[in-house]
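Here is the structure we will look at, set down as structure tokens.
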Amino acid sequence: MTGPYPGRPEAVIVDGRTLSCEDVAAVALHGARVVLADEVLPRLARDRAVVDDVVDRQVPTYGLTTGLGSRSSYALPRDELAQFSVRTVRGRANAVGDPLPVPVVRAALVARVNGLAGGGSGVSPEIVPLLVGMLNSRVHPVVPEVGSIGASDLCQMAHVGLVVIGEGRAELVGEVLDGAAALRRAGLSPAELGPKDGHVLCSASPLAAGHGGLVLHEAATVLTLAQAVTALTFEGFRANTSPLDARVLGLRPAPGQSRAAAELLALLAGGDLTDPRHARRVQDPISLRCAAQVHGALHSALDFADAALDPELNGSGDNPVVLADTDTDSNAGTSADFGTGTGEILSSGNFHTPALALAFDTLALALTQTAAISAERMRRLLNPGLSGLPANLSPYGPERSGFAPLAKTAQALVAEIRLLSAPVSTDPRHGADGVEDDSTNAALGARRLSTMLVRLRQLLAVEALAAAQAVDLASPAALGRGPVVLHAAIRELVPRLDDDRPCGADVDRVSDAVLGSDEVRSTLRALTRGAS
């Protein structure tokens, strides 16, 4: 839930119930402050009272008064519970590889804060304001990129826990410090962990959820960019828009296709092509004719991913979970569950994320379909027999290479995107002594999407360069509003191709400064807003 701010929030109010992908992006990418809703700390205090009661009565409870994983039958001595929390953090900080980017760490932190704010963890209430203070002071734990198998993000989130107790490493204003020094410079103090706190700091799937929020936010924007680039290609190719007619699509209402078609027509509004009589051909190649079907499938995949992500951002992924003020006469629990008089602690499988992992895999496949037809549209523009334009879009004719070599770059990008689309949720499972015998790889599913989206944006930049050249050569009388915006932005940075020149740098400029521009993105979103 965000506060008022034109375009970006000044603060994100965390209540455990209403965190969105846009909120995650605001905190992770734009530095929005995090503010706890008024009801959060009293909620945490009620849950913690249940934990304290269990400890006082020495009731066997997983991860609280017993060990973890295959050691869950081991009863912990009462005077070792706090130290066990510290050992839990230290013993699980086993991730490896390069540090995750700061925005990903911030996304994971705000996801975990929101998950804790909603209740159910039983964490000591003072730990949550410390995590908020780390976010707002920009104390970013150094979290290696590899370590989660999707059965909670244990081995990576433990690196966050190290900084919370004044250990590990953290980045502050571009400098990597030991955790204690980073907290001290930010005016923060390490936490003294109590029973269960160490497990809470490592538990749930905030890395998969937070990173997932970032990639879904970006994927929605990249879909808008794909629509705009397609519209520019339509203009250069002088494509037939009759397949976008709502009457045609209504005869076979596949998920998302009507929305995608309406957005394309909104981008083309103001130009000649909205009247199919201005098309050069009766029927175009599938990469143009069926763009709405492919982009509609991506819309549908994003909807599926949004539905899978929301409970991960706004629910409790802890095990066990604390239920304060519940009916203690319930017989829903097992022999390991119990009533306390003021609440219950129940075993939970909420840390498991198969739906989220499946959604990430589905989104990866939908992005690959979108990539494939982008490359094919670009190749169709180079073919004079199909486009009616000079070969390879070179005004000098066949003695010049024009954009032909760039088609190889497009093919290489598609190959990498296709490789990254391999499902990760179906990998073999392995667990602690046969107890933890299933996992999802959800965090990996989100991480590879980040790379796919970068490559897809580069691929769209290749198509956009070719489409802008096609528009220059075709010289249509009137462009649609979306193509006008995109063509002008490209030509501000990159001149039309006359004689052959290196084009790789042009692709990078268009990818970063045009398709990556907040102004261009917001303008294109505004043009498609309300289309249905």
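With the working numbering as the guide, the letters of the sequence shown map in order to residues 4 to 535.
The beta carbon of each residue, even a glycine, is placed where N, CA and C say it ideally should be.
Exercise. Asn97: which of Leu210, Met160, Asn353 and Phe363 sits nearest, CA to CA?
Worked result: Of the listed residues, the one whose Cα sits closest to Asn97 is Met160.
Exercise. Going straight from the alpha carbon of Val105 to that of His143, what length do you get?
Worked result: Rounded to whole angstroms, the gap between the alpha carbons of Val105 and His143 is 7 Å.
Problem set entry | Backbone secondary structure at Val523 - three-state DSSP | Helix at Val523.
For this session: Taking only runs that begin and end inside the region 430-486, name each unbroken alpha helix (DSSP H) of 4 or more residues, in chain order.
Result: Runs of the alpha helix (DSSP H) inside the region 430-486: 445-477.
For this session: Could you tell me how far apart the beta carbons of Ala529 and Arg262 are, in whole angstroms, since I believe they sit closer than 8 Å?
Result: For a cut-off of 8 Å, the C-beta gap from Ala529 to Arg262 is around 16 Å, too long to register as a contact.
Exercise. Tell me which same chain residues have a C-beta within less than 6 Å of the C-beta of Pro102, skipping the five on either side of it?
Worked result: Short of 6 Å from the beta carbon of Pro102, and not among the five residues preceding or following it, lie these beta carbons of its own chain, in chain order: Val145.
Exercise. DSSP three-state call for Val17: helix, strand or coil?
Worked result: Val17 falls in the strand class under three-state DSSP.
Exercise. Taking the continuous alpha helix (DSSP H) assigned at Glu221, which residues delimit it?
Worked result: Glu221 -> alpha helix (DSSP H) spans Pro209 to Phe240.
Exercise. If you drop the 5 nearest sequence neighbours on each side, which residues of the same chain put their C-beta closer than 7 Å to that of Ala234?
Worked result: Excluding sequence positions up to five before and after Ala234, its CB lies within less than 7 Å of the CB of Leu267, Leu270, Leu271, Gly483, Gly485 and Pro486, all in the same chain and listed in chain order.
Exercise. Helix, strand or coil: which one does DSSP assign to Val176?
Worked result: Collapsing the DSSP output to three states places Val176 in coil.
Exercise. Taking the C-alpha atoms as reference points, what is the distance between Arg20 and Ile152?
Worked result: Going by the C-alpha atoms only, they are around 26 Å apart.
For this session: From the DSSP output, read off the bridge partner residues of Ala358.
Result: Looking at the DSSP assignment, Ala358 forms no beta bridge with any residue, so it has no partner.
For this session: In angstroms with no decimal places, state the Cα-to-Cα distance between Glu174 and Ala184.
Result: C-alpha separation (whole angstroms): 10 Å.
Exercise. DSSP state of Asp101, grouped into three classes?
Worked result: DSSP places Asp101 in strand when its eight states are reduced to three.
For this session: Going by CA-CA distance only, name the one from Arg421, Ala470 and Pro408 that's closest to Leu366.
Result: The shortest Cα separation from Leu366 among Arg421, Ala470 and Pro408 belongs to Arg421.
Exercise. Where does Pro498 sit, in a helix, a strand or coil, going by DSSP?
Worked result: Here Pro498 sits in coil by DSSP.
Problem set entry | DSSP three-state assignment for Pro147, whether helix, strand or coil | It is a strand residue.
Exercise. Hey, out of Val218, Val285 and Asn386, whose CA is closest to Gly304's CA?
Worked result: Before going on, a small fix: residue 304 reads as Ala here, not Gly. Ranking Val218, Val285 and Asn386 by Cα distance to Ala304 puts Val218 first.
Problem set entry | Where the beta strand (DSSP E) through Val38 begins and ends | Per DSSP, Val38 belongs to the beta strand (DSSP E) from Arg36 to Leu39.
Exercise. Which term fits Arg532, buried or exposed, when burial requires 16 or more other beta carbons within 10 angstroms of its beta carbon?
Worked result: So Arg532 ends up on the exposed side.
Exercise. So Pro80 is in the alpha helix (DSSP H); what residue range does that whole segment cover?
Worked result: Run containing Pro80: none; DSSP gives neither H nor E here.
Problem set entry | For Asp181, the residue or residues it bridges with in DSSP | Beta-bridge partners assigned by DSSP to Asp181: Arg172.
For this session: Given a cut-off of 8 Å, decide if Val225 and Leu489 are closer than it, judged by their beta-carbon atoms.
Result: Cβ atoms of Leu489 and Val225: not closer than 8 Å.
Exercise. Which one or two residues does DSSP pair with Ala263 in a beta bridge?
Worked result: Looking at the DSSP assignment, Ala263 forms no beta bridge with any residue, so it has no partner.
Exercise. So, using beta-carbon positions, are Val465 and Met381 closer together than 8 Å?
Worked result: A Cβ-Cβ contact shorter than 8 Å links Val465 with Met381.
Exercise. What do you reckon, are the CB atoms on Gly197 and Gly182 nearer than 8 Å?
Worked result: The Cβ-Cβ distance between Gly197 and Gly182 does not fall below 8 Å.
Exercise. By how many angstroms is the C-alpha of Val203 removed from the C-alpha of Leu84?
Worked result: Answer to the nearest angstrom: the Cα atoms are 13 Å apart.
Problem set entry | Inter-stretch contact (C-beta, 8 Å, three-pair minimum) for the region 106-117 and the region 203-214 | With contact defined as three or more Cβ pairs closer than 8 Å, the region 106-117 and the region 203-214 are in contact.
Problem set entry | Alpha-carbon spacing of Asp82 relative to Gly150, whole angstroms | Using only the alpha carbons, I get a separation of about 31 Å.
Problem set entry | CA nearest to the CA of Ile376, picked from His355, Pro401 and Ser290 | Nearest of His355, Pro401 and Ser290 to Ile376, Cα basis: Ser290.
Problem set entry | Thr91 - containing alpha helix (DSSP H), residue span | First-last of the alpha helix (DSSP H) with Thr91: Leu84 to Arg95.
For this session: State the DSSP-derived secondary structure class of Ala154, mapped to helix, strand or coil.
Result: In this structure, Ala154 counts as strand in the three-state DSSP scheme.
Problem set entry | Exposure label - Lys411; buried when at least 16 CB within 10 Å | The residue in question, Lys411, is exposed, as its Cβ has fewer than 16 Cβ neighbours within 10 Å.
Exercise. Do you know how far the Cα of Ala308 is from the Cα of Asp41?
Worked result: Straight-line Cα distance between these residues: approximately 30 Å.
For this session: May I have the straight-line CA-CA distance separating Cys158 from Pro505, to the nearest angstrom?
Result: Roughly 45 Å between the two C-alpha positions.
Exercise. Three or more beta-carbon pairs under 8 Å between the region 386-402 and the region 441-460, yes or no?
Worked result: No: the two stretches stay apart, fewer than three of their Cβ pairs being nearer than 8 Å.
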